[in-house]
Amino acid sequence: MAPALLSTERAETLTAQAARKPTSILLRTPWRLPVAQSAEGSYVTLDNGKRLLDAVGGAAVACIGNGHPKVVQAIKDQADKVSYVYNMQLTNQPAEELAKQLISSSKGAFELVGFVSGGSEAMEAVLKLARQYFVETGQPQRTNFIARHLSFHGNTLGTLSLASHAGRRAPYEAILNHESFHHVSPAYAKRFQRPDETEEQYVERLRQELDDKFQELGPDTVIGFAAETVVGATTGVVPPPKGYFKAMKSVCDKYGALFILDEVMSGMGRLGTLHAWETFADGISPDIQAVAKGLGGGYASIGAVLISKRVADGIRDTSGVWKHGHTYQAHPIACAASLAVQKVIEEENLLENARKIGDYLSSLLREKLLSPNCIAAPYVFDIRGAGCWWGIEFDFDGPQCRKLDLKGEKFAIAVQQRALDKGIVIMGMAGTASLDGSKGDAILLSPAYNISKEQIEEIVTVFVATVEEVLSESFVE
Ligand SMILES: *Cc1c(COP(=O)(O)O)cnc(C)c1O
1 MAPALLSTER AETLTAQAAR KPTSILLRTP WRLPVAQSAE GSYVTLDNGK RLLDAVGGAA
61 VACIGNGHPK VVQAIKDQAD KVSYVYNMQL TNQPAEELAK QLISSSKGAF ELVGFVSGGS
121 EAMEAVLKLA RQYFVETGQP QRTNFIARHL SFHGNTLGTL SLASHAGRRA PYEAILNHES
181 FHHVSPAYAK RFQRPDETEE QYVERLRQEL DDKFQELGPD TVIGFAAETV VGATTGVVPP
241 PKGYFKAMKS VCDKYGALFI LDEVMSGMGR LGTLHAWETF ADGISPDIQA VAKGLGGGYA
301 SIGAVLISKR VADGIRDTSG VWKHGHTYQA HPIACAASLA VQKVIEEENL LENARKIGDY
361 LSSLLREKLL SPNCIAAPYV FDIRGAGCWW GIEFDFDGPQ CRKLDLKGEK FAIAVQQRAL
421 DKGIVIMGMA GTASLDGSKG DAILLSPAYN ISKEQIEEIV TVFVATVEEV LSESFVE
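Numbering-wise (UniProt numbering), the sequence shown opens with residue 1 and increments by one.
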């Protein structure tokens, strides 16, 4: 391999092309972005004609790809019927139907639904609903939330306070709420389980830590414990150890606090079951849950708060109303789009497909990345996930690792950008492996549930080649 040659012969990057076009948008990236012109299924075509294969659904959002004819038709039909009514004056048909569908598919876990316009709004609403529940049921002294380090719950001040994501919090640390929001350890066995500990002992240590935190704050001051069922954008698809949520729920129950799950990314089929807790929380459903990304599949901005009988009863028996709301809540077109997405998932049996295609994706990843012929193998720390959601974590500290010089770039981000030039969209995440976010590189793959076998093969081939290319250019001789 001749790395120098490769880099000089490479065509102009998409980022370099994009940099020539002015933009009036305040971007979230230090680099300019290519412009998507059209999209169909898992392919996105740019304004320069280049076609990209989307291996990550944006941010684990586009769960049935772009342009599904049934969803497009449902959006058009709804626009012809009712485009907007305000949720303090009128309700609307798709919202009513979607709420019914979310409840009937929950296996008895939920009794009421509240709609919002995205994941952060959903988690913010969860926090407020949890507080409202205790205010109305006569426990106004409950003012504390406990969440976990290395977590993400949204980008509003409330959800950022709840979460513990060093990079996203940094500029706002001084104005976040430190009074009501508290954190315990992540459940991340591969990194933080001690070598002298069994999985059971690790879970017991985490349970004890949560119990201690309740004691420290005053057990009757805690509103709830909130966690991502499977951690997404912070550490890269990290499922909990066996028995973890059962243990954490037992602490909540002991002190009468709420058990809250954030399934904004992990829910709505992403892991091959409608709710992630069906597989990863020992089947224990939460008192309140947030969903969003896969709910609308990218066809509309929508999120939802799913409410158990306990909380629903608490509100119904008192004020009977949700003391929270937004202008676009239960938006008719958003609800119609979301309802159509959920019907497509059901009619096309896409949860099963997500499980099958995901198994194939993970076996290909393991086969290719861990092969002795793959120069990336020594750096692969973990390949984990389920359904259509996989995280590949890299580590460069092992004794088997040749030293690298990444010239100030984060490895995962370099891989993400190089992959884009090679025609696949993936998501790189840095700072996944230490509580302060200074170390760790992971790649997220979350293709559409209806992606084909051939597309999965293309994704893995290009992804592995990209990782090898970035590594080979970074070796210090
Ligand atoms: C994406 C995400 C959010 C925030 O959702 P937005 O729609 O971006 O506001 C909250 N929690 C988790 C777990 C997420 O992955």
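Don't be surprised by glycine CBs; every beta carbon is placed ideally from N, CA and C.
Got a sec, what are the start and stop residues for the alpha helix (DSSP H) G277 sits in?
Checking the sequence shown, residue 277 turns out to be Trp, not Gly. Here the alpha helix (DSSP H) through W277 covers W277 to F280.
Touch check for the segment 225-233 and the segment 259-266: three-plus C-beta pairs under 8 Å?
Flag = yes, the segment 225-233 and the segment 259-266 touch.
Does ligand 1 have even one heavy atom less than 7 Å from the beta-carbon of K70?
K70: no, Cβ never under 7 Å from ligand 1.
Tell me which residue opens and which closes the beta strand (DSSP E) that V113 is part of.
Residues L112 to V116.
With distances taken between CB atoms, is the gap from G294 to R270 smaller than 8 Å?
Cβ distance < 8 Å, so G294 and R270 count as in contact.
Tell me, which residues are paired with L52 by DSSP?
V44.
Which parts of the segment 230-298 are runs of the alpha helix (DSSP H), unbroken and 4 residues or longer, counting only runs that do not cross its ends?
The qualifying runs are 244-255, 277-280 and 293-296.
For N87, is the classification buried or exposed, using 16 other Cβ atoms within 10 angstroms of its Cβ as the cut-off for buried?
The residue is buried, with at least 16 neighbouring Cβ atoms inside 10 Å.
Terminal residues of the continuous alpha helix (DSSP H) containing A414?
First-last of the alpha helix (DSSP H) with A414: F411 to K422.
Going by DSSP, which residues form a beta bridge with W389?
Per DSSP, A386.
Would you say the beta carbon of H153 is closer than 7 Å to some non-hydrogen atom of ligand 1?
Yes, ligand 1 has a heavy atom inside 7 Å of this Cβ.
May I ask you to report which of helix, strand or coil DSSP gives E136?
Three-state DSSP puts E136 in a helix.
Which residue spans inside the segment 72-129 form an unbroken alpha helix (DSSP H) run of at least 4?
As far as the segment 72-129 is concerned, its whole alpha helix (DSSP H) runs of at least 4 residues are 93-104.
Taking its Cβ as the centre, do 16 or more other Cβ atoms sit within 10 Å of P332, making it buried, or is it exposed?
That one is buried.
List the residues that DSSP assigns as beta-bridge partners of I146.
DSSP output for I146 lists H182 and F225 as bridge partner(s).
Given that a residue counts as buried once 16 or more other Cβ atoms are within 10 Å of its Cβ, and exposed if not, what is V476?
Flag for V476 reads exposed.
Do A257 and F225 have their beta-carbon atoms positioned less than 8 Å apart in this structure?
Closer than 8 Å, so yes.
I believe K368 touches V460 by the beta-carbon criterion, under 8 Å. Please report the beta-carbon distance rounded to the nearest angstrom.
Indeed, because the Cβ distance is near 6 Å, the residues count as touching under 8 Å.
Is it buried or exposed for Y84, if we count other Cβ within 10 angstroms and need 16 for buried?
By the 10 Å Cβ count, Y84 comes out exposed.
Should A281 be counted as a contact of ligand 1 given a C-beta to heavy atom distance under 7 Å?
Not so, every heavy atom of ligand 1 lies at least 7 Å from the Cβ.
Nearest to H324 by alpha carbon, out of H275, E121 and S42?
Taking only the C-alpha atoms, the option nearest H324 is E121.
Taking 7 Å as the cut-off, is the beta-carbon of M268 closer than that to any non-hydrogen atom of ligand 1?
No, since every heavy atom of ligand 1 falls outside the 7 Å radius drawn around the Cβ of M268.
In angstroms with no decimal places, state the Cα-to-Cα distance between V61 and Q37.
Taking the straight line joining both Cα atoms gives about 18 Å.
For V476, which of helix, strand or coil comes out of DSSP?
Looking at V476 - three-state DSSP - the assignment turns out to be coil, as it is neither helix nor strand.
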